[in-house]
Amino acid sequence: MSVGTNLRQLAAAGWPLACALATAAMPAGAGPVAIDVGHYLARPGATSAYGVSEFEYNHALAAVLAARLAADGVAVRLIGHRGEMEDLRARPREAEEAGAAFFLSIHHDSVKAEFQQPWIWQGQEQLYSDYASGFSLFVSRKNPRLDESLACASAIGAALRGAGLRPTPHHAEVATGVGRPWADELNGVYYYDNLVVLKSATVPAVLLEAGVIVHPAEAAELATAARRTLTADAVARGLRECGVTTLR
Ligand SMILES: [Zn+2]
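Here the sequence shown is numbered in our numbering, starting from 7 and rising by one per residue.
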């Protein structure tokens with residue numbers, strides 16, 4: 007299984023290419039799309055059913071998305087991809103300083119500890135859950151450009167659904183979850199007002215949970231090039247449909 011991809015290999019293989027393409031492809035007059043790699047090496051977020059950190063999933067998907075957008079002639083600004091960015095507010099600040107037109111934070115999801123159970127994977131105890139699977143999107147009502155943020159989140163969700171993926175409803179559950187309010191239930195968009203990277207961004211901002219990595223089947227799928235490409239293509243389509251990017 008390829009879920010344990012070495013970060014140094016990723017950095018050596020993917021990032022210089024994506025960055026070079028992104029720099030070369032920046033169209034005149036349009037700010038780049040900021041792609042924020044959620045979490046950092048010292049605190050890498052959730053852990054998959056196979057013991058792989060969320061940061062590795064975020065890093066790999068962001069690389070594929072950056073390459074996808076660059077191939078479409080869309081300028082990209084990668085944020086937090088070196089795994090060093092501990093200050094959440096520094097992420098939207100870096101996007102703003104780069105003149106970004108849009109801020110997209112890339113994450114992978116988990117479920118509450120009470121829904122996780124231990125199992126043994128490759129001789130190590132890990133935690134897994136079949137409780138929830140699917141993508142979700144978040145916007146903050148404290149972001150000054152909520153309307154544009156929500157329009158893009160809905161467009162990305164619609165494109166992900168069009169690609170055959172399904173949103174997870176588990177963040178909306180009141181009894182067992184956190185009861186987060188829907189912004190667009192059909193397209194898997196929730197309000198999450200106090201997410202720091204969204205509320206402190208001054209540009210339209212969306213956070214994507216690309217899938218649930220504590221779910222064994224979805225974690226395995228999310229680690230494939232096919233699922234990353236499917237997700238990246240859908241995100242690129244959504245950003246075109248909400249007017250953030252245009253094909254050159
Ligand atoms: Zn995360």
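C-beta: ideal position from N, C-alpha, C; glycine also.
Inter-residue Cα distance where the pair is Ile6 and Val58: In this structure the chain extends from 7 to 254, so residue 6 is not present and cannot be described.
Proximity test, His280 beta-carbon vs ligand 1 heavy atom, cut-off 7 Å: With the chain running from 7 to 254 in the structure shown, residue 280 is simply not present.
Residues bridged to Tyr197 (per DSSP): Per DSSP, Val145.
Every unbroken beta strand (DSSP E) within the region 111-141, with a cutoff of 3 residues, ordered by chain: The beta strand (DSSP E) runs of length 3 or more contained entirely in the region 111-141 are, from start to end of the chain, 123-127, 130-134.
Distance cut-off 7 Å: Gly44 Cβ against heavy atoms of ligand 3: No copy of ligand 3 occurs in the structure displayed; its ligands are ligand 1 alone.
Distance cut-off 7 Å: His65 Cβ against heavy atoms of ligand 1: Not so, every heavy atom of ligand 1 lies at least 7 Å from the Cβ.
Reference Arg151, options Gly194, Tyr134, Ser206, Ala68, closest by Cα: For Arg151, the closest alpha carbon among the candidates Gly194, Tyr134, Ser206, Ala68 is that of Ser206.
Any non-hydrogen atom of ligand 1 within 7 Å of Gly140 CB: No heavy atom of ligand 1 is found nearer than 7 Å to the CB of Gly140.
Cutoff 6 Å; reference Gly140; Cβ partners in own chain excluding five residues on either side: Cβ neighbours of Gly140 beyond the five flanking positions: Arg172, Pro173, Thr174.
Rounded straight-line distance, which links the Cα of Ile112 to that of Gly44: In this model, Gly44 and Ile112 are separated by some 5 Å (Cα to Cα).
Cβ distance (whole Å) where Ala216 is taken to contact Leu201 below 8 Å: A Cβ-Cβ separation of about 16 Å leaves Ala216 out of contact with Leu201 under the 8 Å criterion.
DSSP beta-bridge partners of Arg49: Looking at the DSSP assignment, Arg49 forms a beta bridge with Tyr46.
Rounded Cβ spacing between Asp190 and Ser160 (contact assumed at less than 8 Å): With a Cβ gap of about 5 Å, Asp190 and Ser160 count as contacting.
Burial state of Gly249 (16 or more Cβ within 10 Å): Around the Cβ of Gly249, a 10 Å sphere holds fewer than 16 other Cβ atoms; the residue is exposed.
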